[in-house]
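So for the sequence shown, numbering that gives the first Met the number 0 puts the first residue at 0; every next one is plus one. For reference, the structure is listed below as structure tokens.
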Amino acid sequence: MPKIGIIGGSGVYGVFEPKETVKVHTPYGRPSAPVEIGEIEGVEVAFIPRHGKYHEFPPHEVPYRANIWALKELGVERVIGINAVGSLKEEYKPGDIVIIDQFIDFTKKREYTFYNGPRVAHISMADPFCPELRRIFIETAKELGLPVHEKGTYICIEGPRFSTRAESRMFRQFADVIGMTLVPEVNLARELGMCYVNISTVTDYDVWAEKPVDAQEVLRVMKENEEKVQRLLRKAIPKIPEERKCGCADVLKTAFV
Ligand SMILES: CSC[C@H]1O[C@H](OP(=O)(O)O)[C@H](O)[C@@H]1O
Ligand SMILES: Nc1ncnc2[nH]cnc12
């Protein structure tokens, strides 16, 4: 059973030659695509393309709950989310990798929880990302000489439209990068006691920097940078220890009312 799951974002629709493809049905419907099972450097890994194999789900329609549930059902304990993001700060340059450490939720109407009652849970989100996985990915990116930011605050907007100039100028006062999909993916993984790490690749300067971003540019830059992300995955995944010592599973102990 794969203990590691990867959710690929825009431009990342596969990360290995699958050995098997599994159709999973969940209480929340089907995931974005059948789950691919394969190996990265000898480690069994499950993969879901967040927007579907042919990018048919816009960010506000991604079946986030089904994706996380499906991975959990297959035995996944650790989720690696890969995202394309716009930059809100000069120093976060197109091509840079950001191992996100905080987020701000500006989404509006998504399914945010598995606990809609009668079971009620309030999960701590002070530190949303797995410290053990963050450390491994930061160290490995540095070893590989990749342009990496150890921290970054991701603001998640509802989409599917990009921001206005006024919004972008406001967002850059309190976040470093912008995207449309981190929430509720990270919340949901945490609600099931899974570890979650986010590897964001900067694809553009958001519209505060004058030139309006477009989807084609995001996909083009992400394709150019896919090789960096692949190298990072290949080198980091074998370093992930079998047993978790991070405490991500413990958040559930004190969450229920
Ligand atoms: C294709 S442009 C906007 C699209 O790209 C990002 O996707 P992901 O986070 O899945 O890599 C952004 O969040 C939007 O969904
Ligand atoms: N500028 C941007 N705004 C929102 N989502 C993005 N994904 C990639 N670039 C983006």
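Glycine included, every Cβ here is placed at the ideal spot set by N, Cα and C.
Q. Whose CA, out of P130, K2, G10 and I6, lies closest to the CA of R219?
A. Measuring from the Cα of R219, the nearest candidate turns out to be G10.
(Q) Using only the alpha-carbon positions, how far apart do Q101 and Y204 sit? (A) Rounded to whole angstroms, Q101 to Y204 spans 19 Å at the Cα level.
Q) Anyone know if the C-beta pair for T112 and E190 falls short of 9 Å? A) Yes, they are a contact pair.
Q: For P48, name the three-state secondary structure that DSSP assigns.
A: Three-state result, P48: strand.
Q) Which whole-angstrom value describes the C-beta separation of D175 and T152, a residue pair presumed to lie in contact below a C-beta threshold of 8 Å? A) So it is a contact: roughly 5 Å between Cβ atoms.
Q.
Classify G116: buried if its beta carbon has 16 or more other beta carbons within 10 angstroms, exposed otherwise.
A. Counting C-beta atoms within 10 angstroms of its own C-beta, G116 has fewer than 16 neighbours from the protein chains shown and is therefore classed as exposed.
Q | Which listed residue (G13, P48, G28 and P58) has its alpha carbon closest to that of A214 | A | Residue P58 is the option with its Cα nearest to A214.
Q. Buried or exposed: which applies to S123, given that a residue is buried once 16 or more other Cβ atoms fall within 10 Å of its Cβ?
A. With fewer than 16 other Cβ atoms within 10 Å, it is exposed.
Q: Give a yes or no on whether the C-beta atoms belonging to V75 and P183 are separated by under 9 Å.
A: Cβ distance not < 9 Å, so V75 and P183 don't count as in contact.
Q: Would you mind sorting P62 into buried or exposed? The rule is 16 or more other CB atoms within 10 Å of its CB.
A: Around the CB of P62, 16 or more other CB atoms lie within 10 Å, so the residue is classed as buried.
Q | Residues bridged to C155 (per DSSP) | A | Looking at the DSSP assignment, C155 forms a beta bridge with D104 and G178.
(Q) Going by DSSP in three states, R189 sits in which element: helix, strand or coil? (A) Annotated three-state conformation of R189 is helix, per DSSP.
(Q) Let me check understanding here. Comparing Cα to Cα, which of V147, F56, Y53 and E110 lies closest to E90? (A) Closest option to E90, Cα to Cα, is V147.
Q: With hydrogens ignored, establish whether the beta-carbon of T180 is closer than 8 Å to any heavy atom of ligand 1.
A: Yes, ligand 1 has a heavy atom inside 8 Å of this Cβ.
Q | Per-residue DSSP class, three states only, for N66 | A | The answer is helix: DSSP assigns N66 an H, G or I state.
Q | Span of the beta strand (DSSP E) around R77 | A | Residue range R77 to S86 is occupied by the beta strand (DSSP E) that includes R77.
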